Amino acid sequence: YQRRVREAVVSTQSTGDEGVTKCTSPIFTEYTGLSTQKYACGACSDDTKDKTCADCEAKENEGCNTLVAEGAKTFKCFSHTYDATAKKWNAGEKAGTCNAKKDTDIKCNSPGAKASKDYKQPGNGCGPCIEADKTAEKCSECAKESCNSASTLAFVLVPLMAVIFHAL
Numbered sequence: 007y008q009r010r011v012r013e014a015v016v017s018t019q020s021t022g023d024e025g026v027t028k029c030t031s032p033i034f035t036e037y038t039g040l041s042t043q044k045y046a047c048g049a050c051s052d053d054t055k056d057k058t059c060a061d062c063e064a065k066e067n068e069g070c071n072t073l074v075a076e077g078a079k080t081f082k083c084f085s086h087t088y089d090a091t092a093k094k095w096n097a098g099e100k101a102g103t104c105n106a107k108k109d110t111d112i113k114c115n116s117p118g119a120k121a122s123k124d125y126k127q128p129g130n131g132c133g134p135c136i137e138a139d140k141t142a143e144k145c146s147e148c149a150k151e152s153c154n155s156a157s158t159l160a161f162v163l164v165p166l167m168a169v170i171f172h173a174l
């Protein structure tokens with residue numbers, strides 16, 4: 007049996023894994039990237055199976071754990087933290103790296119107008135909002151790289167503040 011380790015296929019006989027018919031590989035999670043699971047011979051453990059580890063049945067002289075998410079892309083989004091003194095959400099100084107499959111739309115999220123100090127930003131700003139939070143205006147999303155920065159949020163908040171001011 008064979009296994010794929012990065013781009014090289016290695017025979018299980020050369021690793022002392024004779025009789026092993028399962029192979030493992032990492033799992034790709036949209037907007038997060040690959041899990042830390044290594045490409046290997048043998049089955050996933052019960053506590054990692056389908057969480058961070060995928061396994062498959064190998065055939066003689068044919069590995070089954072092929073490269074996961076070939077052609078994945080990266081882009082940047084900002085995570086946000088709550089400033090208890092200023093009582094507002096602030097974007098981080100540097101954007102973090104997000105991972106997506108090549109055909110997946112770029113999406114960043116940020117705390118919305120009604121996000122409380124206890125709000126948990128999904129994916130550290132990478133990916134879409136949870137739909138219920140989006141509907142409740144606790145989360146807002148955008149579809150360009152680094153679109154959830156502090157300067158971008160100002161364009162959203164200034165008109166919102168004007169509406170609130172005029173409503174009073």
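Last residue of the sequence shown: 174 in our numbering, with the numbers rising by one and none dropped.
Beta carbons: idealized from backbone N, C-alpha and C, even for Gly.
Remember, predicted model here, so these are calculated numbers, not experimental data.
Boundaries (first-last residue) of the beta strand (DSSP E) holding residue i
i	result
Asp89	His86 to Asp89
Ala64	Where Ala64 is concerned, there is no enclosing beta strand (DSSP E), given that its DSSP letter is neither H nor E.
Cys29	Lys28 to Pro32
Outcome for residue i when other beta-carbon atoms lying within 10 angstroms are tallied against a minimum of 16
i	result
Gly77	exposed
Thr30	buried
Ala52	It should be pointed out that residue 52 corresponds to Asp in this sequence rather than to Ala. By the neighbour-count rule (16 or more Cβ atoms within 10 Å), Asp52 is not buried but exposed.
Asp89	exposed
Asp124	exposed
Endpoints, alpha helix (DSSP H) assigned at residue i
i	result
Ala138	Glu137 to Thr141
Minimum C-alpha distance to residue i - residue among the options
i	options	result
Ser122	Val74, Cys47 and Glu143	Glu143
Thr72	Ala46, Lys82, Asp111 and Ser51	Ala46
Ser152	Cys135, Lys126 and Ile112	Ile112
Thr58	Phe81, Ala49, Phe34 and Lys79	Phe34
Cys104	Ala75, Tyr125, Glu66 and Cys132	Cys132
Lys44	Thr38, Tyr37, Glu36 and Thr54	Thr54
Asn154	Cys83, Gly48, Lys107 and Ala106	Cys83
Thr38	Thr141, Thr80 and Lys140	Thr80
Gly118	Asp56, Glu66, Lys94 and Ala106	Lys94
Val74	Ala49, Lys107 and Ala92	Lys107
Cut-off 7 Å between Cβ atoms - residues of its own chain near residue i, not counting five sequence neighbours on either side
i	result
Pro134	Lys113, Asn115 and Glu147
Asn130	Ser85 and Gly102
Asn96	His86, Thr87, Asp89 and Ala156
Cys70	Cys29, Cys62, Glu63 and Ala64
Closer than 7 Å to chain B by CB, residue i
i	result
Ala97	Within the model displayed, chain B is absent; a lone protein chain is all it includes.
Sequence-distant residues of its chain with Cβ nearer than 6 Å to residue i (five each side left out)
i	result
Pro32	Leu40, Ser41, Gln43 and Val74
Near the ligand GTP: residue i beta-carbon under 6 Å from a heavy atom
i	result
Ser51	The model on display carries no ligand, and the ligand GTP is accordingly not part of it.
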